[in-house]
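Trainee: Residue numbers (my numbering): 2 to 249.
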């Protein structure tokens, strides 16, 4: 009789332990599911392309900022081209490119073998550092800034959409007006004119105007097309001056 009670007690204890184990496992699975769901929710909370924002900033940095710095002009924080209006600017500044296949997070010093893995790390681990309340999405300006021209040259062969060209031109001109008000100063007036020539004139289906005709004064070694544009523009101006001198 005592032996039967002992066996019954052992079975009861095993049943209780099994129930506790399953409950714990279920809790952990539920917690993991909630964590995954939260991460997924956080990832989709920011409807802004990091890649296109990066392309937009690179265009601004290469084809606009050298002229802005040359004029000694301070872009207002109200201007959408201002660095503070780039959602990802602080994270991009915390990228450390050590070698061809080595990138490092400037926040936690973790290393990665490709930039895309570092981007994923930022999205998963440093999402809280994004200023989602105040910053705007720089990628929204890609139409005006010709991001596709830089990202994918194959799009140049695509058929031009007149409605899209008109829409992008209006956006481009609004940026020129808000960032470089012509009544503000001579520098603002010159930069306003440059912005129209550099970015807005190419928003047409005529095919006559190309983006960035004034070229860029930075990263020319990395960007041969910019160097070519600068050279051709300089040669064109020189030719005009010489021609005028000959006529005299």
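Every residue gets a Cβ at the ideal spot worked out from N, C-alpha and C, and that includes glycine.
(1) Alpha carbon to alpha carbon, how far is residue 114 from residue 104?
(2) Considering Cα atoms alone, identify which of 173, 183 and 187 is closest to residue 73.
(3) Between residue 48 and residue 10, what straight-line distance do the alpha-carbon atoms span, to the nearest angstrom?
(4) Drop a sphere of 10 angstroms on the beta-carbon of residue 143, count the other beta-carbons inside from all chains shown, and report buried for 16 or more, exposed for fewer.
(5) Counting C-beta neighbours from all protein chains within 10 Å, is the total for residue 89 16 or more, i.e. buried, or is it exposed?
(6) On the DSSP letters alone, give me the boundaries of the beta strand (DSSP E) that residue 202 sits inside.
(7) Roughly how many angstroms separate the alpha carbons of residue 190 and residue 172, rounded to a whole number?
(8) Measure the CB-CB distance between residue 197 and residue 68 and report whether it falls below 8 Å.
(9) So the beta strand (DSSP E) residue 51 belongs to, where does it begin and stop?
Mentor: Taking the coordinates as given:
(1) Here residue 114 refers to the residue found at position 113 when the chain shown is read from its first residue. Here residue 104 refers to the residue found at position 103 when the chain shown is read from its first residue. The alpha-carbon atoms of residue 114 and residue 104 are separated by roughly 6 Å.
(2) Translated into positions along the chain shown, residue 73 becomes position 72. Ranking the options by Cα distance to residue 73, first place goes to 187.
(3) In the chain shown, residue 48 corresponds to position 47, counting from 1. In the chain shown, residue 10 corresponds to position 9, counting from 1. About 59 Å.
(4) Residue numbering aside, residue 143 sits at position 142 when the chain shown is read from its first letter. Sixteen is the threshold: when 16 or more other Cβ atoms of the shown chains lie within 10 Å of the Cβ of residue 143, as they do, the residue is buried.
(5) As a working note, residue 89 is residue 88 in the chain shown. The residue is buried, with at least 16 neighbouring Cβ atoms inside 10 Å.
(6) As a working note, residue 202 is residue 201 in the chain shown. Looking at the DSSP string, residue 202 is not in any beta strand (DSSP E), and its letter there is neither H nor E.
(7) Start at 1 with the first residue of the chain shown, and residue 190 comes out as number 189. Start at 1 with the first residue of the chain shown, and residue 172 comes out as number 171. Straight-line Cα distance between these residues: approximately 18 Å.
(8) As a position in the chain shown, residue 197 is number 196, starting the count at 1. As a position in the chain shown, residue 68 is number 67, starting the count at 1. Taking 8 Å as the Cβ cut-off, residue 197 and residue 68 do not qualify as a contacting pair.
(9) Here the question's residue 51 lines up with position 50 in the chain shown. Here residue 51 belongs to no beta strand (DSSP E); instead the alpha helix (DSSP H) covers 51-64.
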